[in-house]
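Right, one structure below, let's go through it.
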Amino acid sequence: MTYKNSRIFAETLDQDDPLGAYREKFHYPKNKNDNDLIYFSGNSLGLQPKSVRTFVENELDVWEKKGLLGQHSRWKNFHERLLENTARMVGGDSSEVVVMNALTVNIHFLLISFYQPTETRKKIMIENGAFPSDQYAIKSQIEFHGLSPLDTLIELTPREGESILRTEDIILAIKDANQELATVMFGNPNYYTGQVFDMQAITNAGHDVGAFVGFDLAHGTGNLLMNLHDWDVDFAAWCSYKYLCAGPGAPGGIFIHKRHHDWTNHRFAGWWGQNKETRFNMGPDFDPIKTAEGWQVSNAPVMGMAPLLAAMDIFDEVGMNAIRKKSEKLTGFLEYLVIKILPEVTIITPENSTERGCQLSLVVPGGKKIFDDLSNRGVVCDWRNPDVIRVAPHPLFNRYTEVYDFVIMLKKILAE
Ligand SMILES: *Cc1c(COP(=O)(O)O)cnc(C)c1O
Numbered sequence: 095m096t097y098k099n100s101r102i103f104a105e106t107l108d109q110d111d112p113l114g115a116y117r118e119k120f121h122y123p124k125n126k127n128d129n130d131l132i133y134f135s136g137n138s139l140g141l142q143p144k145s146v147r148t149f150v151e152n153e154l155d156v157w158e159k160k161g162l163l164g165q166h167s168r169w170k171n172f173h174e175r176l177l178e179n180t181a182r183m184v185g186g187d188s189s190e191v192v193v194m195n196a197l198t199v200n201i202h203f204l205l206i207s208f209y210q211p212t213e214t215r216k217k218i219m220i221e222n223g224a225f226p227s228d229q230y231a232i233k234s235q236i237e238f239h240g241l242s243p244l245d246t247l248i249e250l251t252p253r254e255g256e257s258i259l260r261t262e263d264i265i266l267a268i269k270d271a272n273q274e275l276a277t278v279m280f281g282n283p284n285y286y287t288g289q290v291f292d293m294q295a296i297t298n299a300g301h302d303v304g305a306f307v308g309f310d311l312a313h314g315t316g317n318l319l320m321n322l323h324d325w326d327v328d329f330a331a332w333c334s335y336k337y338l339c340a341g342p343g344a345p346g347g348i349f350i351h352k353r354h355h356d357w358t359n360h361r362f363a364g365w366w367g368q369n370k371e372t373r374f375n376m377g378p379d380f381d382p383i384k385t386a387e388g389w390q391v392s393n394a395p396v397m398g399m400a401p402l403l404a405a406m407d408i409f410d411e412v413g414m415n416a417i418r419k420k421s422e423k424l425t426g427f428l429e430y431l432v433i434k435i436l437p438e439v440t441i442i443t444p445e446n447s448t449e450r451g452c453q454l455s456l457v458v459p460g461g462k463k464i465f466d467d468l469s470n471r472g473v474v475c476d477w478r479n480p481d482v483i484r485v486a487p488h489p490l491f492n493r494y495t496e497v498y499d500f501v502i503m504l505k506k507i508l509a510e
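Take any residue in the sequence shown, note its place counting from 1, add 94, and you have its number in my numbering.
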């Protein structure tokens, strides 16, 4: 793709954008003069689909008119409406996914199954600078097993002077840890750098040494093209309020590869994981559903799932291929403009489009002050300590002209 540094060029891209009309399907935030803000924070909290209200009101109606009878009919298997579409989104079979709980909660539940350290195989590997919640979860899991993170947790750091990890170094570290490695879990993409890790290569390397391999796809779901089943990934978890636009605290999703569905090893059980035929017999013995649903614990949060259903309809209608195609072009345009007119700004996110999603992480001289200026002028992006401004144009509701206007605004602020 060849880009041009002009607003007219950006306008042309908007006019020719096959997904341009989708912005109208979202409520777009405005400033006090009723002008659109520039919303580049779909990586933190996606915008509200206009259809959400109807989806939620439908459930409120059922509750209002039927009370418990809603539970007996419509809500009993409510989460099943999110199996096929979720499977398409992450590249798995519908038996391999389920929507339940929140992300960090799910990480704990998954690690109870997929991190079972032994005397000789007890190490767990993550990327250095993983999202704090993941670090806390993993360290507390290690301690729960009576171990210490000091000699159990392997955190991979980039080479001296580099800000992203090289795949070859990850593979080498996995080989080095060898039979001591129990589990690998990377955040993909990393929330700070925006780097997308090679899930296939990491999974293969982990399996070669007999470790389980999983991913936290908080920043990947609704952003990247994925084939979790074919890549043979053991487990994954994600939230749905970021790129997926399902609203604050919306329930997360998990993936568990088919090969584990006969699981007889540890898991923390609950009645929603119980065989559906016998669930309401209320018997004492746990007979898990032999799909990812077997990891469910509690009954489905219907009011939280309704907005997700609304959002998934939109994602499903467009399809991840078209979403990703626009995203590459939109983020590519942002990268082009930053390199072209902001030489003082460093992009730490990889330049190869297969190694990144929507987000670019910018290191800007003046750091936090520049970020505050951007916010005051109507850009919604975010600041992450120590020194990064994260900018994530969302392919379903952002425009090429917004990318252009943002870069020009940043140039002005830096010149002041
Ligand atoms: C957003 C995010 C979380 C947040 O966890 P919740 O349990 O949903 O609050 C955790 N991990 C990563 C990598 C994230 O990006």
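Glycine is no exception: its CB is placed at the ideal position from the N, C-alpha and C atoms.
Exercise for the section: Compute the minimum distance between the beta carbon of C333 and the heavy atoms of ligand 1, and state whether it is under 7 Å. Expected result: yes
Problem - Straight-line gap, E510 to Q289 (C-alpha atoms, nearest Å) - result: 31 Å
Practice task
Taking the CB atoms as reference points, tell me whether G341 and D310 lie closer together than 8 Å.
Solution key: no
Problem - Beta-carbon proximity check, G398 vs A344, cutoff 8 Å - result: yes
Practice task
Output the distance between the C-alpha atoms of F238 and V192, rounded to the nearest integer angstrom.
Solution key: 26 Å
Exercise for the section: Let me know the secondary structure DSSP gives T261 once reduced to three states. Expected result: helix
Problem - Endpoints, alpha helix (DSSP H) assigned at L250 - result: No alpha helix (DSSP H) holds L250; the beta strand (DSSP E) holding it covers L247 to L250.
Handout entry: Backbone secondary structure at V473 - three-state DSSP
Key = strand
Problem - Inter-residue Cα distance where the pair is P401 and N152 - result: 11 Å
Handout entry: Proximity test, K336 beta-carbon vs ligand 1 heavy atom, cut-off 7 Å
Key = yes
Practice task
Compute the distance between the beta-carbons of F291 and F208, then report whether it is under 8 Å.
Solution key: no
Practice task
Measure how close the beta-carbons of T443 and L436 come, nearest whole angstrom, since I'm counting them as under 8 Å.
Solution key: Not a contact, Cβ separation roughly 14 Å.
Exercise for the section: Indicate, with yes or no, if ligand 1 has a heavy atom lying under 7 Å from the CB of H313. Expected result: yes
Practice task
Look at G346 and A196 and say whether their C-beta atoms are less than 8 Å apart.
Solution key: yes
Exercise for the section: With a threshold of 7 Å, establish whether the CB of F380 neighbours any heavy atom of ligand 1. Expected result: no
Exercise for the section: Give the straight-line distance between the Cα atoms of A224 and N375, rounded to the nearest whole angstrom. Expected result: 43 Å
Problem - Proximity test, D310 beta-carbon vs ligand 1 heavy atom, cut-off 7 Å - result: yes
Problem - Nearest to A276 (by Cα), restricted to the options A312, R493, P382 and Q235 - result: Q235
Problem - Beta carbon of I417 nearer than 8 Å to that of P143 - result: no
Practice task
Return yes when at least one heavy atom of ligand 1 lies under 7 Å from the C-beta of G281, else no.
Solution key: yes
Exercise for the section: Spell out the partners DSSP gives T277 in its beta bridges. Expected result: I218 and F306
Problem - Three-way DSSP call (helix, strand, coil) for K144 in this model - result: coil
Practice task
Less than 8 Å between the CB atoms is what I'm expecting for Y337 and F427, so what's the real figure, rounded?
Solution key: So it is not a contact: roughly 18 Å between Cβ atoms.
Exercise for the section: Report the residue from S421, R353 and E438 whose alpha carbon sits nearest the alpha carbon of N492. Expected result: S421
Problem - Heavy atom of ligand 1 within 7 Å of A340 beta-carbon - result: no
Problem - Beta-bridge pairing of R478 - partner residues as DSSP gives them - result: V482
Problem - Beta-carbon proximity check, L241 vs N222, cutoff 8 Å - result: no
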